[in-house]
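Student: Residue numbers (our numbering): 1235 to 1803. Even for Gly, the Cβ is constructed at its ideal location relative to N, Cα and C. Got a structure for you, questions after.
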């Protein structure tokens, strides 16, 4: 069967999900099971995979989904605990004292605080933490989710202490060694470690333009579609503070990427930038002349709101700001010390896992739940328990927090089980075992990518990042996107005699921007702001900044490929 036909079959489950959620406005709880069934049918009928093997892959996806749901539950539990302890209202009171301007709050929390959390934890954690915080300040739930999903892009390539680059490119090691041994021209690395560092450096340059453009664009986008004026002008009026924030993040981001390595650019950039812009906002530096708000919630479009109240009001401080923020401080500190290998805790926690080997008898189908390493357990649930004592919560408030968190999990559980099962089928469809894959077809994602590459030719640098975005959309992870497509990107660059490091860097950047539209993140964000069933409404809006991001990165990657000179960098 031709690669083009295989690509169309592989694309069908994605089209089904898009049509049902975006076009017909189905909730993910209904659309994703249908998409999973479409993928399973294609795997059996076209790829020729045994039904039992597809069932095993589905179970593998369920196991992975449980890990994601633990993160979602932990984030919701933290939110509910802080709401009922009085800590959230105290934080709201303090944030209002910094500035009541929703544009500036969006930059401080959605852009910078989320970048720090991404650098420390990754895997959808920033949107799960930052979106509820914006919601509690009086943002419409839909706006809060969109802001956090879109801003969770440029830090992602270096998320979870560099995991997408450090681990996501591991399958390229044989190709890198062979290229170095063969003396391929234009390679400015001599081993895999140097290659990973170089990819990180090129990736920062590809992200750079959008680090400055995205906050300005998003504030205009928010005021246009959620403001009482329905105009881009109020958002664009805050451009000076956006530039200030971008510079505050970019300086440490570049310094660490180019001088230390790919583990800390987002983490340090977000941490340093957060302190700088909060101090700047308090001092009135680069602030807009007039404050801006969404207007009375009674005038909001019903589509903007969910099951969680977002009414803005005057807040009362129930404790000191330090005590209110202490749970978040503990989360950040614990994430850092448990994600840096040299400190020893990462290996110890990651080593504790429930393992499921040879699912349904298939040696290649395995799963694991690293229950202590997942952010939902440590630090989220752990800190939620500690907060009971830190904030002195009565038993009835504790019970209410846990009960509400558990009830919120129903819809995301259904959607994520189906979505991750679909991903598992996609990844397992290219198995090399002739008994399971009698036609030796490539995996479904690789079939799609190869078809696109054959059409694009030497214009590939313009499209490389979109493949990374496709991988993130399908899998919900920049790391997994890189694992799926990095070898393919390297092969395309080799065949077309394009600079390998630039094309692979575009893949890593694309995986980051794909977080805006990936179903996993959208479902998780919807869950924590009470918008379950509204995934299609969010996707219809986040796709535009995704396309803008991809266009800008494509232009930058194309220019880099065109002017690349061996040894220049």
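(1) Whether or not the region 1617-1626 and the region 1236-1243 are in contact is what I'm after, with contact meaning three or more pairs of Cβ atoms, one per stretch, closer than 8 Å; do they touch?
(2) Which same chain residues end up closer than 7 Å to residue 1559 when comparing Cβ atoms and leaving out the 5 residues on each side of it in sequence?
(3) Does residue 1608 come out as helix, strand or coil in the three-state DSSP assignment?
(4) When DSSP labels each residue in this structure, what does residue 1773 get in the three-state scheme?
(5) Rank 1317, 1361 and 1273 by C-alpha distance to the C-alpha of residue 1762 and give the top, closest one.
(6) Can you give me the C-alpha to C-alpha distance between residue 1274 and residue 1659, rounded to a whole angstrom?
(7) Considering only residues of the same chain and omitting the five flanking positions on each side of residue 1767, which have a CB-CB separation below 8 Å?
(8) Find out if the Cβ-Cβ distance for the pair residue 1393, residue 1353 is shorter than 8 Å.
(9) Could you give the distance in angstroms between the alpha-carbon of residue 1248 and the alpha-carbon of residue 1677?
(10) Is the separation between the beta-carbon of residue 1784 and that of residue 1700 shorter than 8 Å?
(11) Tell me the DSSP secondary structure of residue 1244 in three-state form.
(12) Pick from 1638, 1791 and 1517: whose alpha carbon is nearest that of residue 1333?
(13) Can you list, in chain order, the residues of its chain with a C-beta nearer than 6 Å to that of residue 1753? Leave out the 5 residues immediately preceding and following it.
(14) Decide if the region 1298-1308 is in contact with the region 1603-1610; the criterion is three or more beta carbon pairs, one per stretch, under 8 Å apart.
(15) Just curious, the alpha helix (DSSP H) that residue 1265 is in, first and last residue?
(16) Could you check whether the region 1275-1294 touches the region 1713-1727, counting it as contact only if at least three pairs of C-beta atoms, one from each stretch, sit closer than 8 Å?
(17) Under a Cβ-count criterion, where at least 16 other Cβ atoms within 10 Å of its own Cβ denotes burial, should residue 1501 be classed as buried or exposed?
(18) Could you check whether residue 1788 and residue 1651 sit closer than 8 Å to each other, using their CB atoms as the reference points?
(19) Taking all protein chains shown into account, decide if residue 1437 is buried (16 or more other Cβ within 10 angstroms of its Cβ) or exposed.
(20) So residue 1602 is in the beta strand (DSSP E); what residue range does that whole segment cover?
(21) Specify, as a first and last residue, the run of the beta strand (DSSP E) that residue 1588 falls within.
(22) Please list, in chain order, all residues of the same chain as residue 1796 whose beta carbon is under 6 Å from its beta carbon, the five residues on each side excluded.
(23) Do residue 1387 and residue 1749 have their beta-carbon atoms positioned less than 8 Å apart in this structure?
Tutor: So, to answer that:
(1) At 8 Å Cβ cutoff, the stretches do not touch.
(2) Correct list, in chain order: 1325.
(3) coil
(4) helix
(5) 1361
(6) 7 Å
(7) 1261, 1262, 1263, 1645 and 1760
(8) Here residue 1393 is near residue 1353, since their CB atoms are less than 8 Å apart.
(9) 15 Å
(10) The answer is yes: Cβ separation under 8 Å.
(11) helix
(12) 1517
(13) 1653
(14) yes
(15) For residue 1265, the enclosing alpha helix (DSSP H) begins and ends at 1262-1279.
(16) no
(17) Buried, since its Cβ has 16 or more Cβ neighbours within 10 Å.
(18) no
(19) buried
(20) 1601-1603 is the span of the beta strand (DSSP E), which, as asked, contains residue 1602.
(21) 1588-1590
(22) Residues of the same chain with their beta carbon placed closer than 6 Å to that of residue 1796 are lacking, with the five preceding and five following residues left out of the count.
(23) yes
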